[in-house]
Amino acid sequence: MERHRDPALGAPLDPAACYRALQSRDARFDGRLFVAVTSTGIYCRPVCPARTPRFENCRFFPSAAAAQGQGFRPCLRCRPETAPDLASWRGTSNSVARALALIAEGALDRDAEASAGQAGTETGAEAGVEALAARLGLGGRQLRRLFRQHLGASPVAVAQTRRVLFAKQLIQETGLPMAEIALAAGFGSVRRFNETFQALYRRPPSALRRRAAAEAPPAALAEAGVTLRLRYRPPYDWPSMLGFLAARAIEGVETVERDVYRRTLAEDGCLGTAEVRHEPGRDCLAATIRVGSLRALPAVVARLRRVFDLGADIETIGRHLSRDPMMAALVAARPGLRAPGGWDGFELALRAVLGQQVTIAAALGLAGRLVALCGAALPPDAGGPGLERAFPTPAEVAAADLAPLGMPQARRATLKALAAATLADPRLFQPLGDIEASLARLRAIPGVGDWTAHYIALRALRETDAFPAGDVGLQRGAATAGGRPTPGELLLRAEAWRPWRAYAAQHLWAADAAAATPAAPAEREVALA
Numbered sequence: 024m025e026r027h028r029d030p031a032l033g034a035p036l037d038p039a040a041c042y043r044a045l046q047s048r049d050a051r052f053d054g055r056l057f058v059a060v061t062s063t064g065i066y067c068r069p070v071c072p073a074r075t076p077r078f079e080n081c082r083f084f085p086s087a088a089a090a091q092g093q094g095f096r097p098c099l100r101c102r103p104e105t106a107p108d109l110a111s112w113r114g115t116s117n118s119v120a121r122a123l124a125l126i127a128e129g130a131l132d133r134d135a136e137a138s139a140g141q142a143g144t145e146t147g148a149e150a151g152v153e154a155l156a157a158r159l160g161l162g163g164r165q166l167r168r169l170f171r172q173h174l175g176a177s178p179v180a181v182a183q184t185r186r187v188l189f190a191k192q193l194i195q196e197t198g199l200p201m202a203e204i205a206l207a208a209g210f211g212s213v214r215r216f217n218e219t220f221q222a223l224y225r226r227p228p229s230a231l232r233r234r235a236a237a238e239a240p241p242a243a244l245a246e247a248g249v250t251l252r253l254r255y256r257p258p259y260d261w262p263s264m265l266g267f268l269a270a271r272a273i274e275g276v277e278t279v280e281r282d283v284y285r286r287t288l289a290e291d292g293c294l295g296t297a298e299v300r301h302e303p304g305r306d307c308l309a310a311t312i313r314v315g316s317l318r319a320l321p322a323v324v325a326r327l328r329r330v331f332d333l334g335a336d337i338e339t340i341g342r343h344l345s346r347d348p349m350m351a352a353l354v355a356a357r358p359g360l361r362a363p364g365g366w367d368g369f370e371l372a373l374r375a376v377l378g379q380q381v382t383i384a385a386a387l388g389l390a391g392r393l394v395a396l397c398g399a400a401l402p403p404d405a406g407g408p409g410l411e412r413a414f415p416t417p418a419e420v421a422a423a424d425l426a427p428l429g430m431p432q433a434r435r436a437t438l439k440a441l442a443a444a445t446l447a448d449p450r451l452f453q454p455l456g457d458i459e460a461s462l463a464r465l466r467a468i469p470g471v472g473d474w475t476a477h478y479i480a481l482r483a484l485r486e487t488d489a490f491p492a493g494d495v496g497l498q499r500g501a502a503t504a505g506g507r508p509t510p511g512e513l514l515l516r517a518e519a520w521r522p523w524r525a526y527a528a529q530h531l532w533a534a535d536a537a538a539a540t541p542a543a544p545a546e547r548e549v550a551l552a
């Protein structure tokens with residue numbers, strides 16, 4: 024029986040162990056492996072409620088793309104498109120994780136769709152893989168090899184599978200018309216959409232729609248938005264996540280009320296809003312998205328997954344950090360703590376600069392003034408209570424007179440420098456090579472020091488090993504009876520936490536916040552980001 028390597032487990036997939044997980048419906052393996060049944064031609068999640076197939080009829084794969092690449096079709100009962108998306112956390116290859124993050128934002132969709140049916144030639148999709156590899160500091164052949172090793176499928180196959188499964192989720196969870204689903208999922212035409220579903224599911228896409236999700240009229244959809252369930256692997260510390268976002272909500276852009284997070288967005292040239300609530304009984308977040316362009320849906324979903332850190336294999340991270348006795352106590356106190364991401368790299372970078380050397384309250388005031396000064400206003404009926412403007416774009420900040428912000432000239436110059444750097448390189452806040460390359464690129468911007476670069480890498484680039492050791496909050500969180508560690512001492516201690524130092528940082532910040540006293544504001548270097 025063929026074996027695929029699952030780096031999260033440190034060894035090739037063991038068919039016997041995988042079969043035991045399937046027999047017991049072990050949720051710990053959901054998202055980590057998929058089982059294909061040769062007698063039916065269907066692949067499932069290990070938690071599928073269907074009768075357990077015979078061992079000799081099972082093949083095990085580390086990703087849905089690998090199973091589909093071998094000709095298996097998705098199960099209609101356990102719905103592989105709803106499995107926790109753990110792929111980007113599944114191993115030691117940071118290159119694969121970065122590539123998956125870019126693919127989730129649509130890096131290969133256009134090329135992959137354009138190349139459909141052109142097998143055997145140098146296609147646009149393969150050229151797209153070469154460009155993706157170059158962005159990661161790799162060769163195309165090396166990136167393909169890493170994908171085969173870690174996911175059992177090529178980058179193009181992963182992109183195609185993501186697109187199909189996203190379309191399947193839209194069919195079953197929304198009332199969008201089929202033509203609009205094809206557009207939203209990135210298919211080049213309705214014909215191609217229909218052909219793909221007929222070949223994969225042996226039925227037209229309309230036959231997969233649940234009766235309760237009948238097509239709604241466009242006017243109703245525009246008002247109600249599109250609601251999707253975004254799964255995670257428990258545990259999930261929702262109060263901590265919501266508390267973090269509430270403490271940093273910018274007036275006019277974000278609100279947190281009654282356990283619901285709302286914010287404005289600007290995507291694909293259109294303004295809109297996103298609303299997120301927790302559904303703990305289903306291990307998911309319910310996200311309602313209202314945006315004028317359906318093509319923006321995948322990018323908005325990717326942003327939400329990043330902000331709420333839905334892809335984290337939190338148990339694996341917790342086990343690793345708990346090897347350190349101090350960190351073990353922090354993990355035990357907050358077992359589902361996530362590392363919140365940034366909605367947008369440029370926004371996160373400006374938040375970090377605005378939060379330098381000031382309290383959160385002061386930074387929020389600056390951010391609110393910046394939004395009022397140059398952020399685009401939403402139509403009166405588009406936002407809802409408290410949602411009035413989108414966060415400014417790089418072009419809007421570059422063109423604005425920032426003197427009314429009332430902040431030091433040096434920091435205003437840093438805001439301008441960030442805007443100019445982002446306009447010059449739209450990929451500035453996307454992963455590039457390894458973490459040191461990303462940090463060096465950020466430090467090259469005037470006014471961005473080591474702390475700010477690490478913070479941007481942690482929140483926006485989602486570098487799991489970013490660690491701003493000079494942060495006073497981290498030093499307080501790691502204090503012992505012998506006192507607060509120096510940045511150098513903290514870095515030395517943090518070596519044992521690699522490659523998850525970003526999560527260690529989140530635990531230290533949480534510990535510091537829990538022990539906070541009315542200390543002098545000058546000592547508390549906190550970040551709005």
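If you count the sequence shown from 1, you need to add 23 to reach this note's numbering.
Positions of the beta carbon are idealized from the N, C-alpha and C atoms, including for glycine.
Endpoints, alpha helix (DSSP H) assigned at residue i
i	result
GLY9	It is not possible to answer for residue 9, since the shown part of the chain is limited to 24 through 552.
PHE452	Segment: none, PHE452 is in no alpha helix (DSSP H) and carries neither H nor E.
GLY500	495-500
VAL330	320-330
ARG232	Per DSSP, ARG232 belongs to no alpha helix (DSSP H) and is neither H nor E.
VAL119	117-127
VAL70	Counting along the chain, VAL70 falls outside any alpha helix (DSSP H), and DSSP gives it neither H nor E.
Check whether residue i and residue j have beta carbons under 8 Å apart
i	j	result
LEU56	THR75	no
PRO69	LYS191	no
GLY406	THR509	no
SER263	LEU360	yes
LEU481	ALA489	yes
CYS307	ARG256	no
GLY162	PRO107	no
ALA413	GLU128	no
LEU438	ILE468	no
PRO321	PHE189	yes
Exposure of residue i, with buried meaning 16 or more beta-carbon neighbours within 10 Å
i	result
SER177	buried
ALA335	buried
PRO427	exposed
GLY429	exposed
SER62	exposed
ASP448	exposed
PRO72	exposed
SER47	exposed
PRO403	exposed
GLN221	exposed
ARG121	buried
GLY92	buried
GLU149	buried
ALA418	exposed
Host beta strand (DSSP E) of residue i (start-end)
i	result
LEU206	No beta strand (DSSP E) holds LEU206; the alpha helix (DSSP H) holding it covers 201-207.
LEU344	Here LEU344 belongs to no beta strand (DSSP E); instead the alpha helix (DSSP H) covers 337-344.
TYR224	Segment 213-224 is the alpha helix (DSSP H) holding TYR224; no beta strand (DSSP E) there.
GLU298	293-302
ARG313	307-314
ARG254	249-254
Close Cβ partners of residue i (< 6 Å) along its chain, the five nearest in sequence each way excluded
i	result
ALA87	PHE57, PRO103, THR184
ARG167	SER177
ARG516	none
ALA205	VAL213, PHE216
ILE232	Going by the sequence as given, residue 232 is Arg instead of Ile. Correct list, in chain order: ILE194.
THR487	PRO522, TRP523, ALA525
VAL152	GLY163, PRO178
Helix, strand or coil at residue i [DSSP, three-state]
i	result
ASP473	helix
PHE369	helix
TRP112	In this predicted model, TRP112 has a pLDDT of only 48, less than 50, meaning its place in the structure is not dependable enough to derive any value.
THR63	coil
THR144	Any reading at THR144 must be qualified, since the residue scores a pLDDT of 38, below 50, and its modelled position is unreliable; no value is offered.
ASN80	helix
ARG28	Residue placement at ARG28 is flagged as unreliable, the pLDDT there being 39, under the threshold of 50; a coordinate-derived value is accordingly withheld.
GLU136	Caution applies to GLU136, whose pLDDT of 45 falls short of 50 and renders its modelled position unreliable; the value that the coordinates give is listed next. Note: GLU136 maps to helix in three-state DSSP.
VAL279	strand
ASP535	helix
HIS174	Here residue 174 turns out to be Leu, not His, going by the sequence shown. Helix at LEU174.
ARG464	helix
Cβ-based neighbour list, residue i, same chain, cut-off 8 Å, excluding 5 preceding and 5 following
i	result
GLY143	With a pLDDT of 41 at GLY143, under the threshold of 50, the modelled position of that residue is not reliable, and no figure is offered here.
ARG434	VAL376, LEU377, GLN379, GLY470
Nonlocal neighbours in the same chain, by C-beta distance under 7 Å from residue i, ignoring five residues either side
i	result
GLU411	GLY275, ALA400, LEU401
ASP535	GLY496, ARG499, GLY500
LEU327	LEU253, ALA297, VAL299, ALA310
The ligand MN heavy atom lying under 7 Å from the CB of residue i
i	result
GLN91	As for the ligand MN, it is missing from this structure, which has no ligand bound.
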